[in-house]
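Reading the sequence shown from the start, the letters are residues 147 to 396 in my numbering.
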Amino acid sequence: RGDETVQFVEDLSRAKSRGEHRLMKKILLASVLFFITALAIGGYVWYRGENLISGDRIVIDAVAPATVAGGEQFETALTISNNNNVPLEEATLYIEYPGGFSDEQGVALERFEKKIGTIASGVAVSERIRTIVYGEESSEKKVRVFLEYRITGSNAVVKKESSYAVTISSSPVAITLDLIKEVTAGQEVEMTVTIESRTQAPQEGLLVEAQYPPDFTFKSSDPEPIDGDRVWNIATLVGQEPQVIKVRGI
C-alpha cells in the first residue's frame, strides 16, 4: 500500500504539471491574439486618421496691401494649400466683397467665383485678383474668402473660410465748401463747392448732393442741377482738373 500511495502522488503531480502547462499555453495564446488585435486596430485607426480631411490642414493665405488709396487699383494674391494626405475634389473659390469694390473695368464687384477643380495632397494653388476700392478715408473694408470642396466618396460640400482687410488711406474725391461765415436776414449768399480727384484714374458718373439749412431758399446755380435744386452730375473728374459748382440763395 505504501508503493500505491507513492504512485498516486506521482500521478497527481504529473497531472497537475500538465494542467499548469496547458494553462500557460492558453495564457500565451491569448496574449498573442490580443497583441495582434491591438496592432490591427491601431493600424486601422492610424490609416483612417491619415486619410481624413481636416480643415486645419487647409490654409488660405491672402496677401494684399494693408492700406490702399481710394480709387487706385491694387492686387491681392491668394494661395490655397492642401496639407491633407488626400485630395480636395470639385474645389471652388468664392470671394465676397463689401460695398465700394469694383473690378479693373470699374464694374461694381460683390462676389468673385473661380472653379479650381481637384487640389492634390501637398499642392498649393494661387490666384491673383486686381480690384479698385472706394470709401471714406481711414475706413476699413473686410473681404471674406471661402473654399468649397468635396471629399472622395461623399456628396457633402465642405467649406473653409478666411478673410482679410484693407484700410482706405485717402478718399478718391475731395470736396471743399467756401462761403461767408456771417449773413444778415434776407441777404443773398453764394457758396462755392470744389470737387477734386485724388487719383490718376478718371472718376466717372459722380453725383454731388447738397443739404441746405432749414431757412435757406435756393435761387440758382452754375452749372444747373439735374434733379430739383440739390443734385449735380459730374460726368468725368480727372486729376488736376477740379470741378466747381456755385450755388446762390437766400
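We put the beta carbon where it would ideally sit given N, CA and C, even for glycine.
So, is residue 322 buried or exposed, given that buried needs 16 or more other C-beta atoms within 10 angstroms? Working through the sequence shown from its first residue, we reach residue 322 at position 176. By the neighbour-count rule (16 or more Cβ atoms within 10 Å), residue 322 is not buried but exposed.
Cα-Cα separation, residue 279 to residue 363: The count along the sequence shown starts at 1 and reaches residue 279 at position 133. The count along the sequence shown starts at 1 and reaches residue 363 at position 217. Taking the straight line from one Cα to the other gives about 37 Å.
Endpoints, the beta strand (DSSP E) within which residue 261 is located: As a first step, residue 261 is located in the sequence shown; it is residue number 115 there, counting from the start. Membership of residue 261 in the beta strand (DSSP E) is indicated by the continuous run 257-265.
Identity of the residue in 325, 308, 284, 249 nearest residue 391 by Cα: Taking the sequence shown and counting its residues from 1, the one referred to as residue 391 is at position 245. Its Cα nearest to that of residue 391, the residue 325 stands out among 325, 308, 284, 249.
State the DSSP-derived secondary structure class of residue 246, mapped to helix, strand or coil. For the purposes of this step, residue 246 is identified with residue 100 of the sequence shown, where counting begins at 1. Here residue 246 carries a coil assignment [DSSP, helix/strand/coil].
How long is the line joining the alpha carbons of residue 191 and residue 198, rounded to whole angstroms? Position 45 of the sequence shown, counted from the start, is the residue given in the question as residue 191. Position 52 of the sequence shown, counted from the start, is the residue given in the question as residue 198. Caution is warranted here: a pLDDT of 37 is assigned to residue 191, below 50, making its placement in the model unreliable, and the coordinate value is therefore given only provisionally. Rounded to the nearest whole angstrom, the C-alpha separation of residue 191 and residue 198 is 11 Å.
Helix or strand or just coil, what does DSSP make of residue 203? Residue mapping note: residue 203 aligns to position 57 of the sequence shown, counting from 1. It is helical.
Per-residue burial, residue 386 [other beta carbons within 10 Å of its own, 16 or more giving buried]: As a working mapping, residue 386 is identified with position 240 in the sequence shown. An exposed status is given to residue 386, since fewer than 16 other beta-carbon atoms sit within 10 Å of its beta-carbon.
Could you check if residue 186 is buried or exposed, using at least 16 other CB atoms within 10 Å of its CB as the buried criterion? Numbered from 1 along the sequence shown, position 40 holds the residue referred to as residue 186. Interpretation of residue 186 is limited by its pLDDT of 49, a score under 50 that renders its predicted location unreliable; no figure is taken from the coordinates.
Can you check which of these residues, 200, 289, 360, 375, is closest to residue 210 by C-alpha distance? In the sequence shown, the residue the question calls residue 210 occupies position 64. The residue with the shortest Cα to Cα distance from residue 210 is 289.
Out of 344, 264, 388, which has the shortest C-alpha to C-alpha gap to residue 294? Residue 294 sits at position 148 when you count from the first residue of the sequence shown. Nearest option by C-alpha distance: 264.
Helix, strand or coil: how does DSSP classify residue 296 here? On the sequence shown, position 150 is the one that residue 296 refers to. Three-state DSSP puts residue 296 in a strand.
I need the DSSP call for residue 268, collapsed to helix, strand or coil. Along the sequence shown, read from residue 1 onward, the residue named residue 268 stands at position 122. In the structure shown, residue 268 sits in coil (DSSP, three-state: anything other than H, G, I, E or B).
Put residue 320 into one of helix, strand or coil per three-state DSSP. The residue given as residue 320 occupies position 174 in the sequence shown. DSSP, reduced to helix, strand and coil, places residue 320 within a strand of the structure shown.
Per the DSSP calculation, residue 353 is bridged to which residue(s)? The residue given as residue 353 occupies position 207 in the sequence shown. Note: residue 353 sits in a beta bridge opposite 379.
Take residue 366 and list the residues in its own chain whose beta-carbon comes closer than 7 Å to its own, dropping the five residues that flank it on each side. For the purposes of this step, residue 366 is identified with residue 220 of the sequence shown, where counting begins at 1. The answer, listed in chain order, is 394.
When burial is assigned at 16 or more other CB atoms within 10 Å of the CB, is residue 239 buried or exposed? Taking the first residue of the sequence shown as position 1, residue 239 is located at position 93. In the assembly as shown, residue 239 is a buried residue. Its beta-carbon has 16 or more other beta-carbons within 10 Å.
With three or more beta-carbon pairs closer than 8 Å as the criterion, would you say the stretch 221-241 touches the stretch 290-310? Flag = yes, the stretch 221-241 and the stretch 290-310 touch.
Whole angstroms is fine: what's the gap from residue 256's alpha carbon to residue 233's? Translated into positions along the sequence shown, residue 256 becomes position 110. Translated into positions along the sequence shown, residue 233 becomes position 87. Whole-angstrom Cα-Cα distance: 30 Å.
Output yes or no for whether 8 Å exceeds the beta carbon distance between residue 216 and residue 347. Counting from one through the sequence shown, the residue named residue 216 turns up at place 70. Counting from one through the sequence shown, the residue named residue 347 turns up at place 201. The answer is no: Cβ separation not under 8 Å.
Going by other Cβ atoms of all chains shown within 10 Å of its Cβ, with 16 needed for buried, is residue 379 buried or exposed? As a working mapping, residue 379 is identified with position 233 in the sequence shown. With fewer than 16 other Cβ atoms within 10 Å, it is exposed.
Roughly how many angstroms lie between the CA atoms of residue 335 and residue 327, to the nearest whole one? Taking the sequence shown and counting its residues from 1, one reaches residue 335 at position 189. Taking the sequence shown and counting its residues from 1, one reaches residue 327 at position 181. About 10 Å.
Residue of 220, 251, 242 minimising C-alpha distance to residue 274: Within the sequence shown, residue 274 is the residue found at index 128, counting from 1. For residue 274, the nearest C-alpha among the options comes from 220.
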